[in-house]
Ligand SMILES: Cc1cc2nc3c(=O)[nH]c(=O)nc-3n(C[C@H](O)[C@H](O)[C@H](O)COP(=O)(O)OP(=O)(O)OC[C@H]3O[C@@H](n4cnc5c(N)ncnc54)[C@H](O)[C@@H]3O)c2cc1C
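In this note's numbering, the protein residues as written are 2 to 425.
Here it is, written out as structure tokens:
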């Protein structure tokens, strides 16, 4: 750039214009754990012009969704993107990315809006998979978004208002961490709801159905046994080795014996985000996107979080690390340094099962009970602070203790949280 002979002010304007024009356009798709972390970590670096495109207007903190479904406050799991990224150097756009044009380096949304990029970061998360089992998609409840859990919560209330008694059976399908968290929280919540709806106490039947021969097939056997004992103590009936065959309006077909229920909650399946198949990405046999040591699926297209073929994908801690890793590498590259290679870090698994109890599993370490619960609370507080300043994160964390039942009957009578469950 030739600046000699120009006024100081003109030189400054030209410099600013030059910086803006030469900034690397980073398009991040997906406002979840990985995408937001990458955007936040890049936002203070002047090399980048960042756009975050997401199909939702908020970040869903999934680990506490089960709690929102069972009387917790929406605020505990839902943080609007505008609030989260306020004051950051990040352009927020809402839309669903559907197609990728590699030649022109452009992403098009469902609504036909086109976004150009120099570097593309895909942090799309997974989608619910019903494995084409008849009736499930239409009739079951989910726990994969704030909308899902609010629909479930409204159903639990409406059923008591309309029928004046609880469902014959509440069926949770999938004994992974999400299914366990939810099944364990339901007895206490439903007993509380019956009280609030002035319904005489009756036994509540909660069934946890798992197709594998045991709970938590991906975790150590001893932990699965400890959690199984805890669930039984809470009154949850566990059926392993039972594959769901279908759902009708009144029952779930499992094996040859149907279970009567109007409340089937499906937590048993996730699948790769359809964007990757639709755009001819190379997939591994385990249905993840094949990536290199920098998490690149192709030159300058990075894939983060649940869809990447990393050893511990499928967990929030991994997605968060992926976001930080790619942001660090993009900064290094912009400064002319070599990018670092990806190193997978084993996450700590913490599974809450009812108030005041959680299982912590890390290598050979096992902690069960109240201490596990305290560690889970600490982990949530730490996770919020990865995305928000401490004060905001603290408020977010405290919202765990707010009770929220958007129901005409319950709203005026809010009981104190954490009363012990009454098991009949
Ligand atoms: C109920 C539940 C409980 C969980 N509990 C835990 C836990 O306790 N601990 C733990 O470690 N992990 C937990 N997980 C897993 C963890 O939440 C995920 O591993 C993590 O969210 C993955 O992050 P991600 O960035 O890959 O995807 P996500 O966080 O899912 O973010 C993806 C984002 O992309 C958006 N998006 C998707 N497709 C498009 C598109 N085409 N265009 C634009 N935007 C799009 C989505 O709306 C979403 O905002 C839980 C998951 C669930 C569902």
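Idealized CB from N, CA, C, for every residue including glycine.
Keep in mind that this is a model prediction, so the values were computed, not measured.
- The three-state reading of DSSP puts residue 117 in strand, counting E and B together.
- Contact annotation, residue 246 with residue 237: C-beta distance approximately 22 Å; criterion of less than 8 Å not satisfied.
- About 15 Å separates the beta carbons of residue 290 and residue 301, which is beyond the 8 Å limit, so they are not a contact pair.
- The beta carbon of residue 35 sits closer than 6 Å to the beta carbons of 124, 305, 306, 320, 323 and 324 from its chain, once the five residues preceding and following it are set aside; these are given in chain order.
- Set against 6 Å, the gap from the CB of residue 287 to the closest heavy atom of ligand 1 is not smaller.
- CA-CA distance, residue 91 to residue 80, rounds to 16 Å.
- Nearest to residue 261 by alpha-carbon distance, out of 395, 269 and 249, is 249.
- Runs of the beta strand (DSSP E) lying entirely within the stretch 85-114, each at least 3 residues long, are 91-95, 98-102 and 107-110 in chain order.
- Between residue 210 and residue 330, the alpha-carbon positions lie close to 43 Å from each other.
- If the five residues before and after residue 363 are omitted, its C-beta is found closer than 6 Å to the C-beta atoms of 349, all from its own chain and listed in chain order.
- Under the three-state reduction of DSSP, residue 367 is assigned to strand.
- Pairwise C-beta distances place the stretch 152-168 out of contact with the stretch 380-389, as fewer than three of them are shorter than 8 Å.
- In this structure, 53 is the residue among 313, 374 and 53 with its C-alpha nearest to the C-alpha of residue 87.
- A straight-line Cα-Cα distance of about 47 Å links residue 141 and residue 47.
- Contact check for residue 24 against residue 50 passes: the beta carbons are separated by less than 7 Å.
- Between residue 274 and residue 292 the beta-carbon gap is near 14 Å, outside 8 Å, which marks them as no contact.
- Taken in chain order, the whole alpha helix (DSSP H) runs of length 4 or more contained in the stretch 281-346 are 317-335.
- At a Cβ-Cβ threshold of 7 Å, residue 355 and residue 269 do not count as neighbours.
- For residue 405, the closest alpha carbon among the candidates 158, 312 and 96 is that of 158.
- If you check the C-beta of residue 145 against ligand 1, you find a heavy atom less than 6 Å away.
- Beyond the five residues adjoining it in sequence on each side, residue 118 comes within less than 6 Å, by CB distance, of 26, 28 and 106 in the same chain, given in chain order.
- Burial state of residue 55 is buried, judged by a 10 Å Cβ sphere holding 16 or more other Cβ atoms.
- Residue pairing from DSSP places residue 61 in a beta bridge opposite 79.
- If you draw a 10 Å sphere on the C-beta of residue 412, you find fewer than 16 other C-beta atoms in it, and that means exposed.
- Residue pairing for residue 241: DSSP places it in a beta bridge opposite 211.
- The straight-line gap separating the alpha-carbon atoms of residue 32 and residue 203 is approximately 43 Å.
- Your pair residue 327 and residue 122 checks out as a contact, with CB atoms roughly 6 Å apart and the cut at 8 Å.
- The Cβ atoms of residue 184 and residue 172 lie no closer than 7 Å to each other.
- Secondary structure of residue 249 (DSSP, three-state): coil.
- Cα atoms of residue 410 and residue 153: separation of roughly 17 Å, rounded to the nearest angstrom.
- Beta-bridge annotation (DSSP): residue 123 is paired with 30 and 304.
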